[in-house]
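Taking my numbering, the leading residue of the sequence shown gets 47, the next gets one more, and so forth.
Positions of the beta carbon are idealized from the N, C-alpha and C atoms, including for glycine.
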Amino acid sequence: MVITVETAIPDTEIELFHELYEVAFAPLRSRAIARQVLHRNEFHAEMTDTRVDKIVARTGTGEPIGLTTLTRHLDTVPWISPEYFATRFPQHAARDAIYYAGFTLVTPTARHGAAFHAMISTVVRILAAAGGVVGWDICSYNNSQLSFADALRNAVGEQANVEVAVEDSQTYYAARFVSDADQGG
């Protein structure tokens, strides 16, 4: 396996990466209220945006098996508030050392291999070298059903002296209005 940090994915490979992305994230369309899946044009834009690093895991033959996105340009992440991070971490902001990890995926055939840990190790090295702070989000389904937060905390904690804390949360509600006919009345 080879891990590279790439500023842009070549147009000839974007569709292959999009297929991997869809396999990994498509189930969240019906498991999370907040949209977790980038539209095809958004995905393409992120893959070609040189402000977003792509940490790519490939087999020895060059086949992509994993991808993590990481950026210091928080304005590239439309669902977060760069002002929050600048206010919360002013010293890091002054050094341009605030990052956001957009997503991490590993192809199903490599999920029990070393790709995830190798990509996270690369991210940890980048962040540790910068003395940075990084934000990320995980939907409730991935936390409660798959324990992603614990797995990520353990993977990062094995490699660096790091403090991980929940920064914010948002709870979504639904109100179902019931008519008398619905209640059998």
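For residue i, count the other beta carbons within 10 Å of its own beta carbon; 16 or more makes it buried, fewer makes it exposed. Which is it?
{"i": "Pro154", "result": "exposed"}
{"i": "Phe131", "result": "buried"}
{"i": "Gln216", "result": "exposed"}
{"i": "Thr114", "result": "buried"}
{"i": "Phe63", "result": "buried"}
{"i": "Tyr67", "result": "buried"}
{"i": "Tyr218", "result": "exposed"}
{"i": "Thr168", "result": "buried"}
{"i": "Phe162", "result": "buried"}
{"i": "Thr133", "result": "exposed"}
{"i": "Asp214", "result": "exposed"}
Kindly identify the DSSP beta-bridge partner or partners of residue i.
{"i": "Asp99", "result": "Leu116"}
{"i": "Ile49", "result": "Ala103"}
{"i": "Pro110", "result": "Arg104"}
In this structure, how does DSSP classify residue i when only helix, strand and coil are distinguished?
{"i": "Pro128", "result": "helix"}
{"i": "Asp228", "result": "coil"}
{"i": "Asp214", "result": "coil"}
{"i": "Arg222", "result": "coil"}
Mind reading off the beta-carbon distance from residue i to residue j? Whole number of angstroms is fine, and I expect it under 8 angstroms.
{"i": "Gly178", "j": "His138", "result": "6 angstroms"}
{"i": "Thr122", "j": "Asp95", "result": "6 angstroms"}
{"i": "Ala164", "j": "Ile49", "result": "5 angstroms"}
{"i": "Leu116", "j": "Ile172", "result": "7 angstroms"}
Handout entry: Length at least 3, wholly inside the segment 137-210: the beta strand (DSSP E) runs in chain order
Key = 144-152, 179-181
Handout entry: Whole alpha helix (DSSP H) elements within the segment 57-94, 4-residue minimum
Key = 57-71, 86-94
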